[in-house]
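What follows is a short report on a single structure.
Numbering (this note's numbering), first residue to last: 1 to 275.
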C-alpha cells in the first residue's frame, strides 16, 4: 500500500489523519493499524465487529464470474462516465474485489483508488487488483475512514449508500456514480433458482437514500443478454446475497434443469450524482 494513499485515510477512533511508516499506519494521537500480510488495512471500529460481509466463498465466486467478462458492460459504462483527471482519487464503497475500481482507474499511472469493504476476504482480493489501489476494511454505515474532500469520484455498485459520509468525502466538484439493478436483472433465474428478487421500489429508495446530499445529473440503463453455461450460473448465484439462504445441493439440482447456455438478462441503471 502506497504512503500517499494512506494520507487520504483517517483514524476510525479519533478522526485524525494517518501516515504510513514501514507497515503501520499511525495517527498523531498514537492509534496504530498494521497492514495485513495480504496488503489491506483494517480500519473497522471495534464496535462494528461481528457485522456480516461477503464470505470467502462468495468472494471466490465473484472473482471467477467477473473474470468471465459478463459484467464488463457495467464496468465499461462506469469508465465512460468517470470524467477523471490523470491524478484524481477514486473511492469505491462496497468495492468487493475492486473489479470496477480497477477498470475506472484505466491506463493512467497517476490515478489512485481506495477500495472500501467490510469483508476481509474481499479486501484481500482488492489489495491485489492493482498496485494503485489501497484496500481498506471498514463499515460503510459508519463514518468512512477518509479525510474530507479526498475523492473526485466515488463508485457505488450494488452496495450500501451512506449519503452524508459520501458527500463529506467527495470534493466540492466531485461526482458519485451509482449502479442499481432493474426489475429485469437476472429475471430468468430469480424464480427458477429461488434467488432474492429486485425490490420494485428500488428507484424510490435510491432517491430517498441520497436526498438532501446529492442531486441526480443523469442516468442510463445498461441492458445486455448473457449466454451463461451452468458453471457461470452457479458462480453468479453464489456471489450474490441469495447464497446466504440457498441450499447448495438444491441449487445445483435447479441449475441442472436449465438450458445450456441459459440466456440471462443483465439490466442495471447507472446514475450520476453531484453534491
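Backbone N, C-alpha and C define an ideal beta-carbon position, used for all residues, glycine too.
In its own chain, which residues sit with a C-beta less than 6 Å from the C-beta of residue 228, not counting the 5 before and 5 after it?
Here residue 228 refers to the residue found at position 228 of the chain shown. 261, 262 and 264, listed in sequence order.
Counting along the chain, where does the beta strand (DSSP E) carrying residue 240 start and finish?
Within the chain shown, numbered from 1, the residue matching residue 240 stands at position 240. Taken as a continuous stretch (DSSP letters only), residue 240 belongs to no beta strand (DSSP E), as it is neither H nor E.
Taking contact to mean at least 3 C-beta pairs separated by less than 8 Å, is the stretch 74–94 in contact with the stretch 139–157?
Inter-segment contact for the stretch 74–94 and the stretch 139–157 is present: three or more beta-carbon pairs are separated by less than 8 Å.
Thinking residue 145 and residue 12 are a contact (beta carbons under 8 Å), I'd like their distance in whole angstroms, please.
In the chain shown, counting from the first residue as 1, residue 145 sits at position 145. In the chain shown, counting from the first residue as 1, residue 12 sits at position 12. The pair is a contact, with the Cβ atoms about 5 Å apart (cut-off 8 Å).
Which listed residue (22, 256 and 29) has its alpha carbon closest to that of residue 15:
For the purposes of this step, residue 15 is taken as the residue at position 15 of the chain shown. If you compare the alpha carbons of 22, 256 and 29 with that of residue 15, the shortest gap goes to 29.
From 59, 23, 136 and 177, residue whose alpha carbon lies closest to that of residue 74:
The residue you call residue 74 lines up with position 74 of the chain shown. Measuring from the Cα of residue 74, the nearest candidate turns out to be 177.
I'd like to know whether the C-beta atoms of residue 195 and residue 242 end up nearer to each other than 7 Å.
Numbered from 1 along the chain shown, position 195 holds the residue referred to as residue 195. Numbered from 1 along the chain shown, position 242 holds the residue referred to as residue 242. Yes.
By the 10 Å Cβ neighbour count, where 16 or more other Cβ atoms means buried, how is residue 93 classified, buried or exposed?
Against the chain shown, residue 93 aligns to sequence position 93. Buried, by the Cβ-count rule.
Secondary structure of residue 79, DSSP reduced to three states
As a first step, residue 79 must be located in the chain shown, where it is residue number 79. Under the three-state reduction of DSSP, residue 79 is assigned to helix.
Distance CB(residue 129)-CB(residue 102) smaller than 7 Å:
The residue given as residue 129 occupies position 129 in the chain shown. The residue given as residue 102 occupies position 102 in the chain shown. Going by C-beta atoms, residue 129 is nearer than 7 Å to residue 102.
Whose CA, out of 189, 120 and 5, lies closest to the CA of residue 111?
Numbered from 1 along the chain shown, position 111 holds the residue referred to as residue 111. Comparing Cα positions, the closest option is 5.
Alpha carbons only, please: which of 2, 245, 71 and 239 is nearest the one belonging to residue 59?
Position 59 of the chain shown, counted from the start, is the residue given in the question as residue 59. With distances taken between Cα atoms, residue 59 lies closest to 239.
Helix, strand or coil at residue 74 [DSSP, three-state]
Within the chain shown, residue 74 is the residue found at index 74, counting from 1. Residue 74: helix per DSSP, three-state reduction.
Range of the contiguous beta strand (DSSP E) that encloses residue 157:
As a first step, residue 157 must be located in the chain shown, where it is residue number 157. 151–157 is the extent of the beta strand (DSSP E) around residue 157.
Determine the direct distance from the alpha carbon of residue 148 to that of residue 175, and round the result to whole angstroms.
As a working note, residue 175 is residue 175 in the chain shown. As a working note, residue 148 is residue 148 in the chain shown. Taking the Cα positions, residue 175 is about 14 Å away from residue 148.
Of the listed residues 23, 41, 203 and 142, nearest to residue 51 (C-alpha basis):
Working through the chain shown from its first residue, we reach residue 51 at position 51. The closest CA to that of residue 51, considering only 23, 41, 203 and 142, is found on 142.
Can you tell me whether DSSP reads residue 63 as helix, strand or coil?
Within the chain shown, the letter at position 63 stands for residue 63. It is helical.
Contact check, residue 96 vs residue 76 under 8 Å by CB: the rounded distance?
In the chain shown, the residue the question calls residue 96 occupies position 96. In the chain shown, the residue the question calls residue 76 occupies position 76. The Cβ separation is near 17 Å, so there is no contact.
Can you look up residue 124 in the DSSP assignment and give me helix, strand or coil?
Translated into the one-based positions of the chain shown, residue 124 becomes position 124. Residue 124 carries a helical assignment under DSSP once its states are collapsed to helix, strand and coil.
Residue 194 in three-state terms, based on DSSP
Along the chain shown, one-based indexing puts residue 194 at 194. Three-state result, residue 194: coil.
Span of the beta strand (DSSP E), counted from its first residue to its last, around residue 6:
Your numbering for residue 6 matches position 6 in the chain shown. Premise fails: residue 6 lies in the alpha helix (DSSP H), 3–6, not in any beta strand (DSSP E).
Segment limits, beta strand (DSSP E) that includes residue 142
The residue given as residue 142 occupies position 142 in the chain shown. Counting along the chain, residue 142 falls outside any beta strand (DSSP E), and DSSP gives it neither H nor E.
Measuring CB to CB, does residue 217 end up less than 7 Å from residue 274?
Numbered from its first residue, the chain shown carries residue 217 at position 217. Numbered from its first residue, the chain shown carries residue 274 at position 274. Contact flag set, yes.
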